[in-house]
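Quick notes on the structure that follows.
Chains as they are written, first to last, in the working numbering: chain A, 2 to 335; chain B, 2 to 335.
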């Protein structure tokens, strides 16, 4: 039997989907689709599915935190376009033996994060299945700064990320190692920040809206599959290339020790691990200072320049010694 | 481990979900949620998940027809409120060994039915899983007759269905029997209409819009879980009861032979089988004649009075001899 890769299937779907239709502002090819009839407001919509054993593991993921994360990864898609989340639909595939307490705790996490973001559950369905699967659809509105797409970057723009990279990937790898080798991670407090990054990611909804409001940002997306893949999406949609500077990639100090402990390349955690749910965005060089001033007055959050948009295509990683490697789309594929 | 029934979970979710929020017109409790900011148009949205081995069986379901059905069951939710489908998002959980040809044929069915209904694919994701699972979100707009809810029925209204019942349930049972007993159904042409009803259901999108336009209909929903459950939803949301007249339930002539062949009660197929994807709706008695005249001028489709809305609650089945049974929510639970 021939197999179809995820990328091939997405290409098939993309070719079959309409680039233009009445009321359609943005189809497949961004964090959210955007629709709305002319003369009326616009809506953002995105859907994501989490599968037990693929996207999470019930062995180490406390149900309430998994409930939060189930919603957070979708809110992140709204954040990536500068939007404001409004409504959520849930589709749950539940194994018959699933524990009622587990489900109630999971749902308490869902309810808590929805309330924090002023978002409302408006529909869904539940079906029986062998595997636990959680499918979430989120609907949002543009924030006051309007919508930021992946397609607005031009050569010369500076590439920024909104926080440190690799922590969630390291956290996941730590849980996997601990399970395999039966280590108790609870005794190693240094890893806690990494474990938390994996268990309970923070969607950058407020930051996304603020960045859109500055008027300095040209393209944006969230880092869900690793910067190597997510910046490649911006390049693909903008018709540009990019160079990342290895020395500029921000990470937590503990990531070096974690990479060593895990026997992994720190660089792979930074660029290919995924699930950081930070934002990657591009800024016109002459507006960098303005952005920094505006950011300082808005929120107490550091942003990090990590590279530059170029002619050409793809994502090139440049080391201090000048050597270059193409890392386009080398991020995590679930 | 304690288990949570689907109904208990839905109750939990419903209690936690907002009945009212800015921009929310209808939350959980109807075929679709309805949202829209004041002074702007409204949008309908619904999500449904199909699981291999639960909602369909790849052994007998040709992939292109399954593609059609994956979308049709969602279009039916839009039809149930008199809406017009516009946009679709797909979330696919695919086993790694899934055949590429199968997937391409499945997708050709999806594309075909979307084109027939002027509906556009605007987003989605694909993930790997052990089980094949298909989650579809559909977004629609109100038709020219506005939105029909489940909640508008009042005592005295006549209950109608838009076509024969039980054919899809019989078709499914025939496939199951054929698989179990290794019978070749291809040789028994009499069953074809039942098999087709299961394989390729027809969403009543046009009829739903026409019924809403008449102004004669007070409540509506689609028959996906069997009339015993779906009419119970109308009663629950309207705060009424209902009586169904056994003798009035329409079915195809071949259903008697199929029930006998299957060793099943015909009544169970009619009321509890589900997946008919006809519409059940209620009409003020003094507007029945007007509705019939309007229907005749609109479309060549018969509609069938099957009962009456009453005070009280639930769905009562009344036999010719006057004996009554409560059948509320006795439809199919996947």
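Just so it is clear, CB atoms sit at the ideal spot from N, CA and C, and this is done for glycine as well.
1) Between 134(A), 117(A), 138(A), 118(A), which has its C-alpha nearest residue 125(A)'s C-alpha?
2) Please list, in chain order, all residues of the same chain as residue 286(B) whose beta carbon is under 8 Å from its beta carbon, the five residues on each side excluded.
3) In whole angstroms, give me the CA-to-CA distance for residue 22(B) and residue 121(A).
4) Could you name the residues of the same chain whose beta carbon sits closer than 6 Å to that of residue 277(A), not counting the 5 residues immediately before and after it, in chain order?
5) With distances taken from CA atoms, which of 143(B), 289(B), 310(B), 232(B) is nearest residue 272(B)?
6) Using a Cβ-Cβ cut-off of 8 Å (strictly less than) and excluding sequence neighbours within five positions of residue 302(B), which residues of its own chain qualify?
7) Given that residue 336(A) touches chain B, what residues does it touch there, using C-beta distances under 8 Å?
8) Check whether the stretch 42-50 of chain A and the stretch 66-81 of chain A are in contact - that is, three or more C-beta pairs closer than 8 Å.
9) Would you call the stretch 245-254 of chain A in contact with the stretch 126-145 of chain A, where contact means no fewer than 3 C-beta pairs closer than 8 Å?
10) How about residue 50(B): is its C-beta nearer than 9 Å to some C-beta of chain A?
11) From residue 154(B) to residue 288(A), what distance separates their C-alpha atoms?
12) Using the Cβ count rule (16 or more neighbours within 10 Å means buried), how would you classify residue 234(B)?
13) Look at the Cβ atom of residue 259(A), then the Cβ atom of residue 266(A), and state whether they are nearer than 9 Å.
14) Can you give, in chain order, each stretch of the beta strand (DSSP E) that sits fully within the stretch 234-305 of chain A and has at least 3 residues?
15) Using a cut-off of 7 Å between C-beta atoms, extract the partners of residue 217(B) located in chain A.
16) Is the CB of residue 126(A) under 9 Å away from at least one CB in chain B?
17) Per the contact definition of three or more C-beta pairs closer than 8 Å, is the stretch 192-202 of chain A in contact with the stretch 307-323 of chain A?
18) Hey, does residue 87(A) have any beta-carbon neighbour from chain B nearer than 9 Å?
19) Compute the distance between the beta-carbons of residue 238(B) and residue 150(B), then report whether it is under 9 Å.
20) For chain B, is any of its Cβ atoms less than 9 Å away from the one on residue 145(A)?
21) Who are the near neighbours of residue 67(A) in its chain, counting only those whose CB is closer than 7 Å to its CB and skipping five residues on each side?
22) Report buried or exposed for residue 213(A), applying the criterion of at least 16 other Cβ atoms within 10 angstroms of its Cβ.
23) Hey, could you find the ends of the beta strand (DSSP E) residue 102(A) is sitting in?
24) Give a yes or no on whether 9 Å exceeds the smallest Cβ distance from residue 221(A) to chain B.
25) If I'm right that residue 93(A) touches residue 127(A) with Cβ under 8 Å, what's the distance once you round it to whole angstroms?
26) Would you please verify whether the beta carbon of residue 296(A) is less than 9 Å from any beta carbon of chain B?
27) Give, in chain order, every residue of the stretch 29-46 of chain A whose Cβ lies closer than 8 Å to some Cβ of chain B.
28) Scan the stretch 109-136 of chain A for residues whose Cβ lies nearer than 7 Å to a Cβ of chain E and list them as they occur along the chain.
29) With a 10 Å radius around its C-beta and 16 neighbouring C-beta atoms as the bar for buried, classify residue 39(B) as buried or exposed.
30) From residue 32(B) to residue 41(B), what distance separates their C-alpha atoms?
31) Report all residues from its chain with a CB closer than 6 Å to the CB of residue 29(A); omit the five preceding and five following residues, and keep chain order.
32) Residue 69(A): buried (16+ other C-beta within 10 angstroms of its C-beta) or exposed?
33) From residue 148(B) to residue 282(B), what distance separates their C-alpha atoms?
34) DSSP three-state label for residue 55(A), please.
35) When you compare only the Cα positions, how much space is there between residue 130(B) and residue 97(B)?
36) What separation, rounded to the nearest whole angstrom, lies between the Cα atoms of residue 115(B) and residue 229(B)?
Quick answer:
1) Within the first chain, the letter at position 124 stands for residue 125(A). Closest by alpha carbon: 138(A).
2) For the purposes of this step, residue 286(B) is taken as the residue at position 285 of the second chain. Once the five neighbours on either side are set aside, the close Cβ partners of residue 286(B) are 157, 158, 159.
3) Indexing the second chain from 1 puts residue 22(B) at position 21. Indexing the first chain from 1 puts residue 121(A) at position 120. Answer to the nearest angstrom: the Cα atoms are 7 Å apart.
4) For this step, residue 277(A) is matched to residue 276 along the first chain. So the qualifying residues of the chain are 166, 169, 224.
5) As a working mapping, residue 272(B) is identified with position 271 in the second chain. Checked all of 143(B), 289(B), 310(B), 232(B); the closest Cα to residue 272(B) is 232(B).
6) As a first step, residue 302(B) must be located in the second chain, where it is residue number 301. Excluding sequence neighbours, residue 302(B) sits near 163, 164, 208, 296.
7) Residue coverage of chain A in this structure runs from 2 to 335, which leaves residue 336(A) outside it and unanswerable.
8) Touching, yes, given that three or more Cβ pairs across the two stretches are closer than 8 Å.
9) Taking 8 Å as the limit for Cβ pairs, the verdict is that the stretch 126-145 of chain A does not touch the stretch 245-254 of chain A.
10) For the purposes of this step, residue 50(B) is taken as residue 49 along the second chain, with counting starting at 1. Yes, its Cβ sits closer than 9 Å to a Cβ of chain A.
11) The count along the second chain starts at 1 and reaches residue 154(B) at position 153. The count along the first chain starts at 1 and reaches residue 288(A) at position 287. For residue 154(B) and residue 288(A), the distance between alpha carbons rounds to 60 Å.
12) Taking the first residue of the second chain as 1, we reach residue 234(B) at position 233. Buried.
13) Taking the first chain and counting its residues from 1, one reaches residue 259(A) at position 258. Taking the first chain and counting its residues from 1, one reaches residue 266(A) at position 265. No, the Cβ-Cβ distance between residue 259(A) and residue 266(A) is not below 9 Å.
14) 242-246, 280-284
15) Position 216 of the second chain holds residue 217(B). What residue 217(B) touches in chain A: nothing, since even the nearest Cβ is about 28 Å away.
16) Reading the first chain from its first residue, position 125 is the one you call residue 126(A). Yes, because at least one Cβ of chain B sits closer than 9 Å to the Cβ of residue 126(A).
17) No: the two stretches stay apart, fewer than three of their Cβ pairs being nearer than 8 Å.
18) For the purposes of this step, residue 87(A) is taken as the residue at position 86 of the first chain. Chain B, which has a Cβ nearer than 9 Å to the Cβ of residue 87(A), makes this yes.
19) Taking the second chain and counting its residues from 1, one reaches residue 238(B) at position 237. Taking the second chain and counting its residues from 1, one reaches residue 150(B) at position 149. In this structure, residue 150(B) lies closer than 9 Å to residue 238(B) by Cβ.
20) Residue 145(A) sits at position 144 when you count from the first residue of the first chain. No, no contact with chain B.
21) Taking the first chain and counting its residues from 1, one reaches residue 67(A) at position 66. Excluding sequence neighbours, residue 67(A) sits near 57, 107, 110.
22) Counting from one through the first chain, the residue named residue 213(A) turns up at place 212. Looking at its Cβ environment, which holds 16 or more other Cβ atoms inside 10 Å, residue 213(A) is buried.
23) The residue given as residue 102(A) occupies position 101 in the first chain. That residue, residue 102(A), is in no beta strand (DSSP E); its alpha helix (DSSP H) goes 101-117.
24) Here residue 221(A) is taken as the residue at index 220 of the first chain, counted from 1. For residue 221(A), the nearest beta carbon of chain B is not closer than 9 Å to its own beta carbon.
25) By one-based count along the first chain, residue 93(A) stands at place 92. By one-based count along the first chain, residue 127(A) stands at place 126. That pair is a contact at about 5 Å.
26) As a first step, residue 296(A) must be located in the first chain, where it is residue number 295. Using a CB distance cut-off of 9 Å, residue 296(A) does not count as an interface residue toward chain B.
27) 29, 33, 34, 36, 38, 41, 42, 44, 46
28) The chain inventory of the structure shown lacks chain E, comprising the protein chains A and B.
29) Within the second chain, numbered from 1, the residue matching residue 39(B) stands at position 38. Classification of residue 39(B): exposed, given that the 10 Å Cβ count is below 16.
30) Position 31 of the second chain holds residue 32(B). Position 40 of the second chain holds residue 41(B). Taking the straight line from one Cα to the other gives about 22 Å.
31) On the first chain, residue 29(A) is found 28 positions in, with the first residue counted as 1. Correct list, in chain order: 15, 18.
32) Position 68 of the first chain, counted from the start, is the residue given in the question as residue 69(A). Taking every protein chain shown into account, the CB of residue 69(A) has 16 or more other CB atoms within 10 angstroms, so this residue is buried.
33) Within the second chain, residue 148(B) is the residue found at index 147, counting from 1. Within the second chain, residue 282(B) is the residue found at index 281, counting from 1. About 13 Å.
34) The count along the first chain starts at 1 and reaches residue 55(A) at position 54. Note: residue 55(A) maps to coil in three-state DSSP.
35) In the second chain, the residue the question calls residue 130(B) occupies position 129. In the second chain, the residue the question calls residue 97(B) occupies position 96. One C-alpha to the other measures close to 7 Å.
36) The residue given as residue 115(B) occupies position 114 in the second chain. The residue given as residue 229(B) occupies position 228 in the second chain. Going from the Cα of residue 115(B) to the Cα of residue 229(B) covers about 30 Å.
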